[in-house]
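These notes are about the structure you will find just below.
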Amino acid sequence: MFDRDRWREIFEAIGKNKLRTFLSGFTVALGILIFTILLGLGNGLLNSFLSSFVDDAQNVMFIRSGNTSKAYKGFQENRKIQFKNEDFEFIKNNYIGKVEFATPRIYRDGLAKYKKESGSYGIRAVHPDHQYLEKTIMMNGRYINEADLKERTKNIVIGRLVEKDLFKNESVLGKMLNIDGIQYKIVGVFQDSGGDNEERLIYMPYTTVQLLFGNNDYLDQINLSYNMTMSTEKAIAFSKQIEKDLKERFRVAPDDQSAIRVYSLAEDIKETMVVLRGIYLIIFVIGIGTLISGVIGIGNIMTFSVKERTKELGIRKALGASPGSIIAMVLQESVLITAIAGYMGLLVGILVLKLIGNSLKEFFILNPKVDTGVIIVATMILIFFGLLAGYIPARRAAKIKPIIALRDE
Numbered sequence: 001m002f003d004r005d006r007w008r009e010i011f012e013a014i015g016k017n018k019l020r021t022f023l024s025g026f027t028v029a030l031g032i033l034i035f036t037i038l039l040g041l042g043n044g045l046l047n048s049f050l051s052s053f054v055d056d057a058q059n060v061m062f063i064r065s066g067n068t069s070k071a072y073k074g075f076q077e078n079r080k081i082q083f084k085n086e087d088f089e090f091i092k093n094n095y096i097g098k099v100e101f102a103t104p105r106i107y108r109d110g111l112a113k114y115k116k117e118s119g120s121y122g123i124r125a126v127h128p129d130h131q132y133l134e135k136t137i138m139m140n141g142r143y144i145n146e147a148d149l150k151e152r153t154k155n156i157v158i159g160r161l162v163e164k165d166l167f168k169n170e171s172v173l174g175k176m177l178n179i180d181g182i183q184y185k186i187v188g189v190f191q192d193s194g195g196d197n198e199e200r201l202i203y204m205p206y207t208t209v210q211l212l213f214g215n216n217d218y219l220d221q222i223n224l225s226y227n228m229t230m231s232t233e234k235a236i237a238f239s240k241q242i243e244k245d246l247k248e249r250f251r252v253a254p255d256d257q258s259a260i261r262v263y264s265l266a267e268d269i270k271e272t273m274v275v276l277r278g279i280y281l282i283i284f285v286i287g288i289g290t291l292i293s294g295v296i297g298i299g300n301i302m303t304f305s306v307k308e309r310t311k312e313l314g315i316r317k318a319l320g321a322s323p324g325s326i327i328a329m330v331l332q333e334s335v336l337i338t339a340i341a342g343y344m345g346l347l348v349g350i351l352v353l354k355l356i357g358n359s360l361k362e363f364f365i366l367n368p369k370v371d372t373g374v375i376i377v378a379t380m381i382l383i384f385f386g387l388l389a390g391y392i393p394a395r396r397a398a399k400i401k402p403i404i405a406l407r408d409e
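Under the UniProt record's numbering, read the sequence shown as residues 1 to 409, first letter to last.
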């Protein structure tokens, strides 16, 4: 491996076949370049998918209600299904161990005023668990807590952009904000990676909204997160079980798709993984195909190299060189060409992905890149292919008989 004379001979052999060596190396480099770029673009698609749920936990289920589309068990069609607090408690208490966090939602819009500033903002009345489902990040103060729910306080948490719009550079904690004529105390300011719309929201206790607007226990929606130990298939089955149980609870036909709907992000994850597996399969087939063409090229180079050095190899054997040493020399040359060409292809591929960056965002490709582990594996595969490409001509070289080699012209 570290024989200086052998390395000198290898470089001399490569120098005698510069064009063929370049072309075979170029094929390998092109193969790993294509492989790297395609893999990076595949990862970019995955990043784009994950970014669409960046402001929500990925194990979330959304439970929504509507009107029935058919009569069932004595109830007429077009009956409105209205969730209440007792339904939220049913969800929390009936699936202990399977539900991680749960929150109701009540949606409203309100005109907020502070001094001379005003603006219309979306209001979400929620449970404290909502912070973990929405991945809300507190910048200042605190989130809504259990005491706010029990006491039905007029405490609110405002988004970063609400603070910026209305309060400019003032400190907001403890300040009173007028929303539709009612004074609320600001106890926290949050930010959200979901974008500007998410940061122009105001959160308050759902029990407070129920008291102030209608004195009822109505809910617009129920969200929950399932236990992350569940597989995707089990999570989907769990969402279907919740839907089935709620339909029985509200006496809704099992095949009524409009009255109660349970949507789980696990379904999107499953569908996306199917697509991604298809993409990675295409990447694998194309990458292996291009690498095989490179391997064939290297095999041809080694075959020509052995043929041109027939006399030299025969003399080596006549002077006592073992078949193993001849095989090792040919394989070393093959691996050298493969490793250098493959490494150059990897470097160019990574550079291309960096140059692409987020320029393909409109094609749903975000931050395309390849992991270091993948690069290491690809390099090992290249070295293996290099050994494979050189093995056949190496064996042929090792079988050369000195007397026949010396007669070769």
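No residue lacks a Cβ here, since even glycine has one placed at the ideal position from N, Cα and C. Here the structure is a predicted model, which means the values were calculated and not measured.
L23 versus M329 - alpha carbon distance: 21 Å
Please identify the residue among A259, L212 and E170 whose C-alpha is closest to the C-alpha of F75. A259
Does L19 pass the burial test, meaning 16 or more other C-beta atoms within 10 Å, or should it be called exposed? exposed
Hey, out of Y226, V370 and T372, whose CA is closest to N59's CA? Y226
Can you find the residues in the same chain that come closer than 7 Å, C-beta to C-beta, to K73, ignoring five residues on each side of it along the sequence? R251
For R249, report the span of its beta strand (DSSP E) as first-last. Taken as a continuous stretch (DSSP letters only), R249 belongs to no beta strand (DSSP E), being part of the alpha helix (DSSP H) at T232 to R249.
Where do the ends of the beta strand (DSSP E) carrying A112 lie? V99 to Y114
Measure from the alpha carbon of N43 to the alpha carbon of each residue in K399, D371 and D220, then state which is nearest. D371
Tell me the DSSP secondary structure of R261 in three-state form. strand
Under 6 Å Cβ to Cβ from N67, same chain only, skipping five residues before and after it: list those, please. N78 and K80
Excluding the 5 residues flanking Q191 on each side, which residues of the same chain have their C-beta closer than 7 Å to its C-beta? I137, M139, R160 and E199
Out of curiosity, what's the CA-to-CA distance linking E163 and F26? 58 Å
Three-state secondary structure (DSSP) at Y391? helix
Q332 in three-state terms, based on DSSP: helix
Residue nearest to T207 in terms of C-alpha spacing, selected from N197, Y218 and L201: Y218
Assuming A141 and V99 form a contact by the criterion Cβ under 8 Å, report the distance between their Cβ atoms to the nearest whole angstrom. Note that residue 141 is Gly in the sequence shown here, rather than Ala. The Cβ separation is near 28 Å, so there is no contact.
Mapping DSSP to helix, strand and coil, what is residue 439? Outside the shown range of the chain, which is 1 to 409, sits residue 439, and nothing can be said about it.
Leaving aside the five residues before and after Y263 along the sequence, list all residues of the same chain whose C-beta is less than 6 Å from its C-beta, in chain order. F62
Pick from L265, F385 and K247 that is closest to A71, judged by C-alpha positions: K247
Excluding the 5 residues flanking V187 on each side, which residues of the same chain have their C-beta closer than 6 Å to its C-beta? G141, R142 and N155
Please report the residue range of the alpha helix (DSSP H) in which K96 lies. Residue identity check: residue 96 is Ile in the sequence provided, not Lys. Counting along the chain, I96 falls outside any alpha helix (DSSP H), and DSSP gives it neither H nor E.
For Y391, which residues of its own chain have a beta-carbon under 7 Å away from its beta-carbon, when the five flanking residues on both sides are left out? L331
Do T103 and L149 have their CB atoms nearer than 8 Å? no
Whole angstroms is fine: what's the gap from S334's alpha carbon to G194's? 51 Å
With Y226 as the anchor, note down where its beta strand (DSSP E) starts and where it stops. Q221 to Y226
By how many angstroms is the C-alpha of H130 removed from the C-alpha of R261? 20 Å
Secondary structure of Q183, DSSP reduced to three states: strand
First through last residue of the beta strand (DSSP E) which encompasses E117: E117 to V126
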